[in-house]
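Residue numbers (the numbering used here), protein chains in the order written: chain C, 5 to 240; chain S, 4 to 565; chain P, 15 to 187.
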């Protein structure tokens, strides 16, 4: 059953194996797919909708990160519709909370900002919601700023799946969802947090950062977690 | 339990029933209970006992009889008299005239106050005449808390037939022949769903009955669970046999305490008689059912969210594929069927797929239960053959619009559906026609609106619902519904410009195409369908700052600057 | 902006050992063999016993079931049936389902809000009346519907609801 088969991506025929996701196949084939909530090493949730692709034979747009390829599938990753939708998705992210790049610690080192540049987002056509959001400086090393959180849940997943602490989770629902530590307590009060800092490294935006980071100088390395997971899996 | 014992139970009940001259069923659905039917039931029992006629008239509680608004409802057998709004004060008269004698009390007959009475036999009333009850055939004519009652009308004999004379493939092909499609809303062929799970080799499989009836304005599943719970258990067991699942779950809303109680009673009764548990009917088939109670989240009607909830998690959906048939509850193959779908299974097995497929229309076979509500005379629960026109449902069965008002639209499919305006009243009601009109069949909520409803306000009502019920996982739904709600609010308040409408029109298809689950995908439907049929109402709100129906309170003229 | 976090004191307050309700919760947890998938069932029991889900009980459930605190909190706040705040002495739930909406539930709600000075999700200052809204009780035939404690009130109007509520609150004096 492990025979290889071929699929077509943007007109190019590439080889794929069963159980491979469309995203994996695209990566191997050198086709660039926009992702945000995706992080190699933790589970895929298909939530940011940036990696949506068109697959011939189905009307539904499918997330590349969670959909496995099927033989002879014809996949389109860059149609006008997809480009337009990606732009709108990014705009919705910006309009949701209080994103002001110029005063953000992650300015110029922000995945959301990078993607917006890449997609050609030059203004946000929807009104900003400007919800009341707070910051949490109770942890001795790290900061959490909900004004900049995009609810990608990378922190939740890395904390649960890699560190095994499950300090973070999501509370509430809809646009009132929010990342919480323990029973919605100050992060510094958490009885479960090991202060490992993995959540900070994987956060794609300026919602989690080390207190000693200077404005505009924040560098994060989500790959650190990917490598860690790999090393743990292949420990001799 | 074997077939002889089953038949014996049935015979005993029938024998006992035949000793009575009359049988009185008092509706104890949640609707009639709220109008005081339990007091009526007690008064009826007491009156019969005190007058020494206990052996003549059998007084029994029963499930929903349909026209809830006329409750408490009382049915007298064998004459099939249907009395409405029966309060304890009426009991003496009923006893004297209709139980000890054969007189008709015309002032109590169903719909008599509306000048539509005069049907001493309920079945002659157009309200019932046009209906075809399969799912609801026992609702209102058996005691839902008695397994013996259910057995006496042939209950569990379909399960016996399946276990002793049919292979799992036979069952699936019988279901396939019936052509039945899922009654939860999307209309996916039930046989196909079962076959996928059947074909997956796994020692562990699950079948779930989805009773998370979240559409506001819908109560079909509640009525079936309250009125005929054993029918659903039998359907679950047959489904389990067909797919090779040993465990079934009922996922039901916490808002339905009576349904939970009756279903729980039914499970216990079935276990006691060996109709659930190990080696059912002395075969190798073992099957159990457990109840999982929801906790108030509409999104849990979505299959993957429902399973997350059964697993004790936040009811957050996951992308499909993988489909539940492949990787469902605890990663095992799982089939999720709606209450009404499962209630159709036993009759299909007993009477054959062919019989079922002859009812309704070609691509939508069988019947559909609707909860008919809103501004319509006869609100309540009805069951009609698929393909009946909306006009027949609303005007012939529903008795038209009260107060001489004008019909405006019928809303189907709840927050995932759309509205059907007057010019399409003659469209047959089936899956494909409704989809063609920009609505969906949905689970069966049918809300009638007259000229006093503002369609923009209605669209905002549903958008608020979707926004509140969005789980928050994916961006298009989480943020998109919030934006759309804000735009609609501005329109309703007379604060919107045409550019807002344009943005709304951009957002709607985007949210539909990019959302992760059905909630987000269908959230724009009520908006899109009102835009399609009532565009001028939107324009009036925006350009003239006027609500044609007079519903929206405009705050314009206060110098709002865009 | 300000945000009221839950404090350590609130979370760690130890419930009295001799409280029979704690035994009921423990029984429920054990009935499910401490399986984490029974979290929602257990929270239902907590809410039944206390009328809401107190924070220190969440801690108790989290420890007994070995479910992480943030997950318990995440689940308890996801489902609208669960309340994290004590309810009123009497509780009135206005159905805002479609049928009730079409038949004027909003006017009923507005009337209660003004006459009793209470917003949905809150309780009157004297703690006597809690007001909530719900999405359909499935009694649409009787719309608009209000659930007062355990009674279903049918065909409610803004005119008749106030009297009914006042009578209920008064009766308990």
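Where a beta carbon is used, it is the ideal one built from N, C-alpha and C, also for glycine.
These numbers come from a predicted model, not from an experiment.
Contact belief for residue i with residue j at Cβ below 8 angstroms, rounded distance in angstroms
{"i": "residue 415 (chain S)", "j": "residue 423 (chain S)", "result": "7 angstroms"}
{"i": "residue 394 (chain S)", "j": "residue 429 (chain S)", "result": "6 angstroms"}
{"i": "residue 142 (chain S)", "j": "residue 66 (chain S)", "result": "4 angstroms"}
{"i": "residue 556 (chain S)", "j": "residue 356 (chain S)", "result": "With a Cβ gap of about 54 angstroms, residue 556 (chain S) and residue 356 (chain S) do not count as contacting."}
{"i": "residue 449 (chain S)", "j": "residue 412 (chain S)", "result": "Actually they are not in contact, since the Cβ atoms of residue 449 (chain S) and residue 412 (chain S) sit about 11 angstroms apart, beyond 8 angstroms."}
{"i": "residue 71 (chain P)", "j": "residue 29 (chain P)", "result": "6 angstroms"}
{"i": "residue 187 (chain S)", "j": "residue 344 (chain S)", "result": "7 angstroms"}
{"i": "residue 235 (chain S)", "j": "residue 311 (chain S)", "result": "That belief does not hold up - the Cβ atoms of residue 235 (chain S) and residue 311 (chain S) are roughly 23 angstroms apart, past 8 angstroms."}
{"i": "residue 100 (chain C)", "j": "residue 128 (chain C)", "result": "Residue 100 (chain C) to residue 128 (chain C), Cβ: 10 angstroms. No contact."}
Cβ-Cβ distance between residue i and residue j below 9 angstroms
{"i": "residue 242 (chain S)", "j": "residue 445 (chain S)", "result": "no"}
{"i": "residue 52 (chain C)", "j": "residue 42 (chain C)", "result": "yes"}
{"i": "residue 39 (chain C)", "j": "residue 54 (chain C)", "result": "yes"}
{"i": "residue 273 (chain S)", "j": "residue 217 (chain S)", "result": "no"}
{"i": "residue 96 (chain C)", "j": "residue 483 (chain S)", "result": "yes"}
{"i": "residue 151 (chain P)", "j": "residue 111 (chain P)", "result": "yes"}
{"i": "residue 59 (chain C)", "j": "residue 80 (chain C)", "result": "yes"}
{"i": "residue 82 (chain C)", "j": "residue 10 (chain C)", "result": "no"}
{"i": "residue 213 (chain S)", "j": "residue 339 (chain S)", "result": "yes"}
{"i": "residue 251 (chain S)", "j": "residue 211 (chain S)", "result": "yes"}
{"i": "residue 109 (chain P)", "j": "residue 75 (chain P)", "result": "no"}
{"i": "residue 117 (chain S)", "j": "residue 81 (chain S)", "result": "no"}
{"i": "residue 182 (chain S)", "j": "residue 321 (chain S)", "result": "no"}
{"i": "residue 135 (chain C)", "j": "residue 19 (chain P)", "result": "no"}
{"i": "residue 154 (chain P)", "j": "residue 376 (chain S)", "result": "yes"}
{"i": "residue 266 (chain S)", "j": "residue 276 (chain S)", "result": "no"}
{"i": "residue 131 (chain C)", "j": "residue 489 (chain S)", "result": "yes"}
{"i": "residue 1 (chain S)", "j": "residue 469 (chain S)", "result": "Here chain S comprises residues numbered 4 to 565, so residue 1 (chain S) is not present and cannot be evaluated."}
{"i": "residue 144 (chain S)", "j": "residue 326 (chain S)", "result": "no"}
9 angstroms Cβ cut-off: residues of chain C touching residue i
{"i": "residue 537 (chain S)", "result": "In chain order: nothing, as chain C lies at least about 24 angstroms away."}
Interface partners of residue i on chain P, CB under 9 angstroms
{"i": "residue 259 (chain S)", "result": "151 and 152"}
{"i": "residue 216 (chain S)", "result": "150 and 152"}
{"i": "residue 232 (chain S)", "result": "Going along chain P, no residue has its Cβ under 9 angstroms from residue 232 (chain S), so there is no contact; the nearest lies around 15 angstroms."}
Residue environment, residue i, which counts as buried when at least 16 other CB atoms sit within 10 Å
{"i": "residue 117 (chain P)", "result": "buried"}
{"i": "residue 295 (chain S)", "result": "buried"}
{"i": "residue 186 (chain P)", "result": "Reliability fails at residue 186 (chain P), whose pLDDT of 47 lies under 50, so the model's placement of it is uncertain and the value that follows must be treated cautiously. By the 10 Å Cβ count, residue 186 (chain P) comes out exposed."}
{"i": "residue 316 (chain S)", "result": "buried"}
{"i": "residue 306 (chain S)", "result": "buried"}
{"i": "residue 219 (chain C)", "result": "exposed"}
{"i": "residue 90 (chain S)", "result": "exposed"}
{"i": "residue 87 (chain S)", "result": "buried"}
{"i": "residue 562 (chain S)", "result": "Caution is warranted here: a pLDDT of 37 is assigned to residue 562 (chain S), below 50, making its placement in the model unreliable, and the coordinate value is therefore given only provisionally. It counts as exposed."}
{"i": "residue 23 (chain P)", "result": "exposed"}
{"i": "residue 552 (chain S)", "result": "buried"}
{"i": "residue 352 (chain S)", "result": "buried"}
{"i": "residue 172 (chain C)", "result": "buried"}
{"i": "residue 501 (chain S)", "result": "exposed"}
{"i": "residue 545 (chain S)", "result": "buried"}
{"i": "residue 565 (chain S)", "result": "Note that residue 565 (chain S) scores a pLDDT of 39, beneath 50, so its modelled location is shaky; the value from the coordinates is reported in the next line. With fewer than 16 Cβ atoms within 10 Å of its Cβ, residue 565 (chain S) is classed as exposed."}
{"i": "residue 126 (chain S)", "result": "exposed"}
Partner residues on chain C for residue i, Cβ-Cβ distance less than 8 angstroms
{"i": "residue 483 (chain S)", "result": "96"}
{"i": "residue 473 (chain S)", "result": "177, 178 and 179"}
Contact set between residue i and chain S, taken where Cβ atoms lie within less than 7 angstroms
{"i": "residue 53 (chain P)", "result": "315"}
{"i": "residue 67 (chain P)", "result": "Those within 7 angstroms of residue 67 (chain P) in chain S number zero; the least Cβ separation is about 11 angstroms."}
{"i": "residue 67 (chain C)", "result": "322"}
Cross-chain neighbours of residue i in chain P, by beta carbon under 7 angstroms
{"i": "residue 174 (chain C)", "result": "88"}
{"i": "residue 37 (chain S)", "result": "153, 156, 166 and 168"}
{"i": "residue 149 (chain C)", "result": "Correct list: empty, because the minimum Cβ distance to chain P is about 11 angstroms."}
Under 9 angstroms from the C-beta of residue i: neighbouring residues of chain S
{"i": "residue 129 (chain C)", "result": "506 and 509"}
{"i": "residue 93 (chain P)", "result": "257, 297, 298, 299, 300, 303, 312, 317 and 318"}
Suppose only complete runs of 3+ residues qualify. What are the beta strand (DSSP E) ranges in the stretch 71-151 of chain P, listed by chain order?
Listed in chain order, they are 104-109 and 143-148.
Give the list of continuous alpha helix (DSSP H) stretches no shorter than 4 residues that lie fully inside the stretch 439-487 of chain S.
Taking only runs of at least 4 residues, the alpha helix (DSSP H) segments lying wholly in the stretch 439-487 of chain S are 458-472.
Please go through the stretch 323-347 of chain S and give each complete beta strand (DSSP E) segment of 3 or more residues, from N-terminal end onward.
Those beta strand (DSSP E) runs which fall completely within the stretch 323-347 of chain S and span 3+ residues are 337-341.
Continuous alpha helix (DSSP H) assignments of at least 4 residues falling wholly in the stretch 193-230 of chain C:
Note on the stretch 193-230 of chain C: whole alpha helix (DSSP H) runs with a minimum of 4 residues are 202-206, in chain order.
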